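Colleague: First the structure, then my questions, so here it is.
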Ligand SMILES: C[S@@+](CC[C@H](N)C(=O)[O-])C[C@H]1O[C@@H](n2cnc3c(N)ncnc32)[C@H](O)[C@@H]1O
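Right under this line is the structure:
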């Protein structure tokens with residue numbers, strides 16, 4: 010029996026063979042689907058025959074979706090944040106819907122959720138703004154003979170007006186804020202304020218889908234497939250408050266199955282949140298959601314104790330209506346402010362080796378030594394030079410400004426926020442450095458030479474008025490076995506054993522009782 014992956018590969022080979030480019034491949038796949046769906050299959054075209062044959066297997070929508078996703082990604086035309094829901098997860102979403110109610114799929118894509126629900130007998134309104142994905146969904150639903158149960162709407166999902174006999178399901182686009190064009194961000198932010206839930210401009214695209222779904226007056230239930238990072242982070246507070254106000258029923262944490270990421274193509278852990286409007290909207294719901302972990306094998310939550318601890322932590326956060334509870338003991342944040350290092354917007358442009366700075370003739374006053382990598386011993390070779398032109402830039406720096414423009418560095422997100430685009434604001438050097446991410450153990454190093462750090466390294470800044478010996482005691486603990494273990498409990502985990510320590514998580518880390 011062929012695996013799903015081998016079917017996707019065979020299909021891709023079939024459509025790549027006659028095609029000259031990714032665009033031709035995509036066209037060939039979509040037109041073949043439309044021919045098969047319209048019973049106009051052309052027997053002389055092997056791709057039509059291949060699709061017809063594939064349509065008999067259970068994983069057909071996924072094979073087509075995965076092949077389509079892959080050609081559009083190659084062509085770089087996928088709407089940002091688009092990852093399709095694997096069949097197993099799609100079934101999990103649909104199993105949480107209220108029976109008998111029409112379902113609105115916000116951002117339906119090629120229909121992984123919509124088709125699964127329609128096959129289960131639901132009537133679905135599939136709202137999608139990408140016309141070609143809608144064509145694919147149309148064709149798939151015809152081939153699977155569920156077209157009469159799906160209503161296709163080519164429109165903005167966040168403007169959809171529903172009815173009171175409907176419910177929502179969605180796998181919203183997971184797009185971080187810096188990839189959302191400024192004009193779109195302004196529209197989204199306006200929408201959030203109109204819904205009574207203003208979000209900071211740093212909110213990702215999925216956050217707007219969340220508040221849209223959790224503030225509608227018409228939906229009877231919402232089942233959302235989301236990333237997990239906002240659940241226990243400080244910046245997720247607004248979203249947690251809105252979720253608590255709505256009435257959370259269940260939070261299902263999905264780590265990996267078989268040690269593989271939940272979404273094959275997105276580096277994130279996911280959760281399924283089921284909410285149902287409370288009868289009174291004026292008070293926060295006191296109903297505690299059921300929190301459970303599903304699909305966790307070979308991952309951080311596969312151990313019973315780790316799972317119990319994580320669930321207890323979430324419960325505690327949610328009990329306080331989304332506010333992270335105040336910590337009765339001392340935390341790292343009482344001693345240090347933890348800050349990210351310098352964000353340039355383009356390290357390959359702003360950070361120079363000594364040799365390249367000399368070659369470009371950039372004088373020392375336009376350069377500042379900066380640490381690019383943190384290891385146990387800080388070596389000279391790990392030092393680089395941040396190009397920060399003085400108020401009146403040297404001739405060599407003016408040449409570099411012109412070069413940056415010709416390379417479109419001035420158009421990157423961070424550069425566009427600066428005036429002029431190349432003036433990076435420089436913080437004071439931190440007292441200590443700490444690893445931000447890695448696969449080994451986190452490291453804390455004293456900043457003996459007063460260096461700056463790039464944003465892949467955190468800076469620990471001693472709070473005003475605290476003596477150096479307090480800092481040394483905390484750092485000694487952070488470097489100890491128990492300190493490293495404590496740091497790793499607040500780290501976020503990613504595929505392949507990668508972890509990340511967010512500054513807020515480190516600041517909230519509780520210190521041992523008698524340390525200070
Ligand atoms: C993460 S994909 C999920 C697709 C599909 N529901 C699934 O689960 O496989 C998100 C989809 O939302 C669509 N989308 C993004 N923003 C949208 C909007 N404002 N209105 C309608 N669709 C949108 C994208 O084109 C993409 O197809």
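In my numbering, the protein residues as written are 10 to 525. We treat Cβ as the ideally placed atom computed from N, Cα and C, and that holds for glycine. It should be emphasised that the depicted structure is a prediction, and the values quoted were computed from it without experimental measurement.
Return helix, strand or coil for residue 437, following the three-state DSSP convention.
Modeller: coil
Colleague: Is residue 110 helix, strand or coil when you go by DSSP?
Modeller: Three-state result, residue 110: coil.
Colleague: So for residue 18, helix, strand or coil by DSSP?
Modeller: helix
Colleague: Pop quiz: residue 141 and residue 117 are said to be a contact at Cβ under 8 Å. What is the actual Cβ separation, rounded to whole angstroms?
Modeller: 13 Å between Cβ atoms; not a contact.
Colleague: Within the present structure, is the beta-carbon of residue 91 separated from the nearest heavy atom of ligand 2 by less than 6 Å?
Modeller: The model on display carries ligand 1 but not ligand 2.
Colleague: Using a 10 Å radius around the Cβ and a threshold of 16 neighbouring Cβ atoms, would you call residue 435 buried or exposed?
Modeller: exposed
Colleague: Quick check on residue 237: buried or exposed, where buried means 16 or more other Cβ atoms within 10 Å of its Cβ?
Modeller: buried
Colleague: Using the DSSP secondary-structure output, state which residues sit across from residue 160 in a beta bridge.
Modeller: 134
Colleague: Verify whether the separation of the beta carbon atoms of residue 191 and residue 90 is less than 7 Å.
Modeller: Cβ atoms of residue 191 and residue 90: not closer than 7 Å.
Colleague: Could you tell me whether the Cβ of residue 178 comes closer than 7 Å to any Cβ of chain C?
Modeller: The structure shown contains no chain C; it holds only a single protein chain.
Colleague: So who's on the other strand from residue 370, going by DSSP bridges?
Modeller: Residue 370 is not bridged to any residue.
Colleague: Tell me, to the nearest whole angstrom, how far the beta carbon of residue 218 is from that of residue 257; I am working on the premise that it is less than 8 Å.
Modeller: Rounded, the Cβ-Cβ distance is 16 Å, inconsistent with contact.
Colleague: Work out the CA separation of residue 82 and residue 130 for me, nearest whole Å.
Modeller: 32 Å
Colleague: Starting from the N-terminal side, write out each stretch of the alpha helix (DSSP H) that is 4 residues or longer and does not extend beyond the region 235-265.
Modeller: 246-255
Colleague: Roughly how many whole angstroms lie between the Cα atoms of residue 392 and residue 460?
Modeller: 9 Å
Colleague: Please work out which residues of its chain come closer than 7 Å, Cβ to Cβ, to residue 441, disregarding the five sequence neighbours upstream and downstream, and give them in chain order.
Modeller: So the list reads 453, 454, 455, 456, 469 and 484, once near-sequence residues are dropped.
Colleague: Could you check the C-alpha separation between residue 432 and residue 397 for me, to the nearest Å?
Modeller: 7 Å
Colleague: What's the C-alpha gap between residue 209 and residue 373?
Modeller: 39 Å
Colleague: Could you give the DSSP three-state label for residue 302: helix, strand or coil?
Modeller: strand
Colleague: Assign residue 180 to one of three DSSP states: helix, strand, or coil.
Modeller: coil
Colleague: Count the other C-beta atoms from every protein chain shown that fall within 10 angstroms of the C-beta of residue 514, then say buried if there are 16 or more, exposed otherwise.
Modeller: buried
Colleague: Which class does residue 36 belong to by DSSP, given the choice of helix, strand or coil?
Modeller: helix
Colleague: Give me, in chain order, the residues of the same chain whose beta-carbon lies closer than 8 Å to that of residue 563; leave out the 5 immediate sequence neighbours on both sides.
Modeller: Residue 563 lies beyond the range of the chain shown here (10 to 525); nothing can be said about it.
Colleague: Check whether the Cβ atoms of residue 72 and residue 16 lie closer than 7 Å to each other.
Modeller: yes
Colleague: Just to confirm before moving on: does the CB-CB distance between residue 113 and residue 175 stay below 7 Å?
Modeller: Contact check for residue 113 against residue 175 passes: the beta carbons are separated by less than 7 Å.
Colleague: Check whether the Cβ of residue 166 lies closer than 6 Å to any heavy atom of ligand 1, and answer yes or no.
Modeller: yes
Colleague: Apart from the five residues on each side of it in sequence, which residues of its chain come closer than 6 Å, Cβ to Cβ, to residue 493?
Modeller: Taken in chain order, the residues that qualify are 450.
Colleague: Quick one: using the 10 Å Cβ neighbour count with 16 as the cut-off for buried, is residue 559 buried or exposed?
Modeller: Residue numbering for the chain in the displayed model covers 10 to 525; residue 559 lies beyond these limits and cannot be assessed.
Colleague: Taking 8 Å as the limit between beta carbons, can you name the residues of its chain near residue 239, skipping five residues before and five after?
Modeller: 216, 245, 248 and 249
Colleague: Can you tell me whether DSSP reads residue 115 as helix, strand or coil?
Modeller: Of the three classes helix, strand and coil, the one that applies to residue 115 here is strand, per DSSP.
Colleague: Quick check: residue 467 and residue 347, are their CB atoms within less than 7 Å of each other?
Modeller: yes
Colleague: Quick check: does the Cβ of residue 238 come within less than 6 Å of any heavy atom belonging to ligand 1?
Modeller: It does not: the Cβ of residue 238 is nowhere closer than 6 Å to a heavy atom of ligand 1.
Colleague: Would you please state the rounded distance, in angstroms, between the beta carbons of residue 375 and residue 399? I believe it to be under 8 Å.
Modeller: Yes, they are in contact, since the Cβ atoms of residue 375 and residue 399 sit about 6 Å apart, within 8 Å.
Colleague: Using only alpha-carbon positions, find the residue among 143, 263, 476 and 422 that is nearest to residue 186.
Modeller: 422
Colleague: DSSP state of residue 285, grouped into three classes?
Modeller: coil
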